[in-house]
Every structure is written in C-alpha cells, then in structure tokens.
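Student: The structure is given below, and queries will be raised subsequently.
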Amino acid sequence: MGTEISAHSPNGDPGGKDVSPSDPALIIYTSGTTGTPKGVVLSHQNILSNIEGVIPYFEFNPEDHFLSLLPLSHTLEFTAGFVLPLTFGATITYLRAPVASEITTTMKEVSPTVFIAVPLVYKHLHKGIMRRLASLPTMSRAFMSLAKRISFLRPTLARRIAEAFGGKMRYWIVGGAPIDPNLLLDLELMGIEVLQGYGLSEASPLLTVNPPGRNRRGTVGLPLTNVRVKIAASPGEERGEILAQGDNIMTGYYRNRKATSEAIRDGWLHTGDVGILDEAGYLTIVGREKNMIVTPGGENVYPEEIETLLERCHLVKEISVFGQKEGDGVGEKVCAVVVPDLEVHQALPKDERKRPVETLLEEEIRTILKTVAPYKRIAEWVLHPDELPKTPLRKKKMDEIRRFFSEKRKQKTGVKAG
Numbered sequence: 019m020g021t022e023i024s025a026h027s028p029n030g031d032p033g034g035k036d037v038s039p040s041d042p043a044l045i046i047y048t049s050g051t052t053g054t055p056k057g058v059v060l061s062h063q064n065i066l067s068n069i070e071g072v073i074p075y076f077e078f079n080p081e082d083h084f085l086s087l088l089p090l091s092h093t094l095e096f097t098a099g100f101v102l103p104l105t106f107g108a109t110i111t112y113l114r115a116p117v118a119s120e121i122t123t124t125m126k127e128v129s130p131t132v133f134i135a136v137p138l139v140y141k142h143l144h145k146g147i148m149r150r151l152a153s154l155p156t157m158s159r160a161f162m163s164l165a166k167r168i169s170f171l172r173p174t175l176a177r178r179i180a181e182a183f184g185g186k187m188r189y190w191i192v193g194g195a196p197i198d199p200n201l202l203l204d205l206e207l208m209g210i211e212v213l214q215g216y217g218l219s220e221a222s223p224l225l226t227v228n229p230p231g232r233n234r235r236g237t238v239g240l241p242l243t244n245v246r247v248k249i250a251a252s253p254g255e256e257r258g259e260i261l262a263q264g265d266n267i268m269t270g271y272y273r274n275r276k277a278t279s280e281a282i283r284d285g286w287l288h289t290g291d292v293g294i295l296d297e298a299g300y301l302t303i304v305g306r307e308k309n310m311i312v313t314p315g316g317e318n319v320y321p322e323e324i325e326t327l328l329e330r331c332h333l334v335k336e337i338s339v340f341g342q343k344e345g346d347g348v349g350e351k352v353c354a355v356v357v358p359d360l361e362v363h364q365a366l367p368k369d370e371r372k373r374p375v376e377t378l379l380e381e382e383i384r385t386i387l388k389t390v391a392p393y394k395r396i397a398e399w400v401l402h403p404d405e406l407p408k409t410p411l412r413k414k415k416m417d418e419i420r421r422f423f424s425e426k427r428k429q430k431t432g433v434k435a436g
C-alpha cells in the first residue's frame, strides 16, 4: 500500500481534501421493514460524538479485543464495533460466518474482551450453554445446577463458562431489539452480565446504555453523557414517545426534507418508540408506537411485550406478533407467526418427542399467555417452516410476515386459535 501511495504521490502525501466535522461521513439506509428505506446521513461529528458519550461509562484500552458479528452496514457495528475500537487502538476479529458454532469456536481461538450482538445471538448462546450443561455427567450436572442457586458456588460455574468463551471477556453488550430480562438473569447467574443499550440509526446509533457496575436488568440504561432524553407523555401518564437531543443526532434523511422535518421537530429527534424514565434516569422501552395494536375494546397492546414473553417457550425459535383487522370492524386482533425450534423438540425425552411439535407448542403458548390480561392474548397464530424473512440488518420483514399469515388463513391450514 505504501508503495502505491508513493507511486502516485512522490512526496508520500496521499492528498485528499480537508474534512469538516459537519461533512457527511456515511449514509446508512434504514431497514425498510414496512416501507421504503430512508438514507440516514451521519456526519463525522455525529459519530465521534457518540463515541465520546459512551467512553465515560467503560474502561476501554488498546489491549481490548472486539469480536465483530454484525455487518458494518448496521450502525451499532459501525460505531461501537468498528470506530470505537479503532479510537483506542484495540483489535477487531471478524467472524467468517455469523452462526453459533463459529462464534464459540472463534472466542476460544482469539479470547475477545468485548462482544456486541443482538438478542437472538444471546438466545442461541444461552441454549448452547444449557445443552452443554445437560450433556455433563450426572454429578457434574447436579453441581452446576446447584451453583446457579447458591451464591458462593457461582464463581466456579462462571469460571467454567468463561473458559468456554476464551476466558477474557470483560463486556457483553446487547442492542438492536428487545431482550427477555429472564434470559439476562439466567446468563448473569452463570457469570455473564449482559449490558443492554438502546438507540437507532438516526442517533449514530447509541442513546442509552447500562454502565458496568450499575446495570439494571429490564432497562436499556442511562442516556450517554452528552445525550438528552425525555418522554413526551400525556398529562397523568408516565409512558410516552422517547425524544432525544445531542450532537449524535443525524443531519437528516438523504434528499428527503419531508421525512427529516417529521423526525426532528423543535430540535428533538422523535424516535417513534414508547418508553418510561425512572427517577434514577434509567430508560425502559415499552414498544414501538407504530407497531401498537389497538384491540376492538380500545386497549393498547405492544407486540414487543408479547414476543419477549413467548420467547421464553423452549419450543419457540422465533416469533412475530402483530395486529390484524377483522372485516370492517373496529380495532385489531392480536395475531402471530411462530417458528418452532425443531432441535429442541428432537432433544426431548422419547415420550414427549412422539407428540407433534404443534401440540406441545400450543400447550406452552397457552400456559404462558395465562399470565397476561385476556386482551393481550394471541387470538390466532400460524407456524412458519423456516426462519422468518428479514432485511440485511436482520430485522423482520413485517409485510412478508403478514402476507404469509393471510395466505395461511385463506387456505385455512395450520391456523391456531389462542
């Protein structure tokens, strides 16, 4: 590379132009799960501001080793998994393929200290740990199970599990979608404290994060040190749309003034997400405003809440919850498309394995839904044979999922009543 530069620039100066902080650094297109993708224009200042806002919460250093899983077209990976480690002179290892077996193999090989991933990856890692524990000899399995419940034994369990992931991990970080707090608790009992954050491409992308040592499961943490977050709630309400302000907020959507003016009003980014801020400043996400289902009775249901709940089912590999209008009536029914976990089904005891996965899944779903208000329960759901359709950024393509559900209803095949 140095030879090439010298050949074109005898003085060794690669040339180029001066860049100002407000100049565009990149354009990242939103995933377009239900509509036309928009180009999010992020300046150099936007991205560097995001790095500056997260640094005070962590102790990154040149010895850190990041394991990169998400594509660089994902804003979280670009900022936190690429620019951030470069800022400290840290090392980055890129996976050959984003599959669970490749993750664990690479972790053993390179011993990373920082891992950033979406909830689905942590769900697969958790299942992998549980399968490994289940395969241990009876006495070892009993000890490991006991260690989760007895505090002074947990370090032994944590050490064994840490070794399986390279033994040097300092920060496990999750973002990009909701994650079940129960899953986070179970991982924590095994020595894996996962720090959840929140953001969106329009914010470069980080708005909040749970700092190490001040982690509050079930929340997405505190605003970055240079970000302001507030809730636009109706009088008497604690929940409302999340608004954000800071130097990390995008300059706008590429060649789309109308969309920009709708997203940024009075200097605040309107995220479209609904949340609650507690007295200590921690943010909890309730759901996405545009995803909210209004039932025929006028009650509000956030799909994310139901999805997080049902992901606890052992036989649920993936699920998508949404509202479906019924004729010309008012409101929507709560519906879902479910991908069964056939590997879990095959690993069940012989007597259970003989029963159809649909039957077992239906029993699991009904049992869990008894814990929520009747209006939140799924009225109809269908099984999907493969992975749910997703965008390149691994977000669900809701238009395709709804279309699949509608086709199944027309065929009257595999539709389950809630």
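If you're matching positions, the sequence shown starts at 19 in our numbering and goes up one per residue.
By construction, the Cβ of each residue, glycine as well, lies at the ideal position given by its N, Cα and C atoms.
Considering Ala251, what are the terminal residues of the beta strand (DSSP E) in which it resides?
Tutor: Start and end: Val245 to Ala251.
Student: With Val58 and Met208 assumed to form a contact (beta carbons below 8 Å), what rounded beta-carbon distance in angstroms separates them?
Tutor: No, Val58 and Met208 are not in contact; Cβ-Cβ is about 37 Å, not under 8 Å.
Student: Can you tell me where the beta strand (DSSP E) holding Gly140 begins and where it ends?
Tutor: The identity of residue 140 in the sequence shown is Tyr, whereas the question assumes Gly. That residue, Tyr140, is in no beta strand (DSSP E); its alpha helix (DSSP H) goes Pro137 to Ala152.
Student: If you measure between the beta carbons of Lys86 and Pro410, is that distance less than 9 Å?
Tutor: In the sequence under discussion, the amino acid at residue 86 is Ser, which differs from the Lys named in the question. For Ser86 and Pro410, no; Cβs fall outside 9 Å.
Student: For Gly236, which of helix, strand or coil comes out of DSSP?
Tutor: Three-state result, Gly236: coil.
Student: Using DSSP with H/G/I as helix, E/B as strand and the rest coil, what is Tyr75?
Tutor: In this structure, Tyr75 counts as helix in the three-state DSSP scheme.
Student: Provide the residue span of the alpha helix (DSSP H) that contains Glu325, from first to last.
Tutor: First-last of the alpha helix (DSSP H) with Glu325: Pro321 to Leu328.
Student: When we look at the beta-carbon of Val37 and count the other beta-carbons within 10 Å, is it buried (16 or more) or exposed?
Tutor: Counting Cβ neighbours within 10 Å, Val37 comes out exposed, since fewer than 16 surround it.
Student: Quick one: give me the first and last residue of the beta strand (DSSP E) that Val375 is part of.
Tutor: Element bounds for Val375: not the beta strand (DSSP E) but the alpha helix (DSSP H), Val375 to Leu387.
Student: If you drop the 5 nearest sequence neighbours on each side, which residues of the same chain put their C-beta closer than 6 Å to that of Glu336?
Tutor: Cβ within range, chain order: Val357 and Leu406.
Student: Locate the alpha helix (DSSP H) running through Thr278, then write down its first and last residues.
Tutor: From DSSP, the alpha helix (DSSP H) with Thr278 extends over Arg275 to Ala281.
Student: Please name the residue, chosen from Ile294, Leu378 and Gly290, that lies closest to Gly239 on a Cα-to-Cα basis.
Tutor: Residue Ile294 is the option with its Cα nearest to Gly239.
Student: Here's the rule: buried if 16 or more other CB atoms are within 10 angstroms of the residue's CB, otherwise exposed. What is Glu255?
Tutor: The residue in question, Glu255, is exposed, as its Cβ has fewer than 16 Cβ neighbours within 10 Å.
Student: Could you give the first and the last residue of the continuous beta strand (DSSP E) run that contains Ile419?
Tutor: From DSSP, Ile419 is part of no beta strand (DSSP E) but of the alpha helix (DSSP H) over Met416 to Gln429.
Student: Quick one: Cα of Thr97 to Cα of His62, how far?
Tutor: If you take the alpha carbons of Thr97 and His62, they lie about 11 Å apart.
Student: Quickly, what does DSSP pair Val339 with across the bridge? List them, please.
Tutor: The partner list for Val339 (beta bridge, DSSP) reads Ala354.
Student: At what residue ranges does the region 186-242 contain a whole run of the alpha helix (DSSP H), taking only runs of 4 or more?
Tutor: Here the runs fully enclosed are 199-207.
Student: Beta carbon of Leu387, beta carbon of Leu333: below 9 Å?
Tutor: No, they are not a contact pair.
Student: Specify, as a first and last residue, the run of the beta strand (DSSP E) that Ile294 falls within.
Tutor: Element bounds for Ile294: Trp286 to Leu295.
Student: Report back the beta-carbon spacing between Gly315 and Tyr393 to the nearest angstrom; my notes put them in contact at under 8 Å.
Tutor: Gly315 to Tyr393, Cβ: 6 Å. Contact.
Student: Looking only at its own chain, which residues have a Cβ that is under 8 Å from the Cβ of Ser40, when we skip the five neighbours before and after it?
Tutor: These residues qualify, in order along the chain: Ser61, His62, Gln63 and Thr269.
Student: Thinking C-alpha only, which one of Glu220, Thr243, Thr226 and Ile282 is nearest Val192?
Tutor: Nearest of Glu220, Thr243, Thr226 and Ile282 to Val192, Cα basis: Thr226.
Student: Just tell me which of Ala250, Pro229, Pro374 and Met125 has its CA closest to the CA of Glu77.
Tutor: When each option's Cα is compared against that of Glu77, the closest is Pro229.
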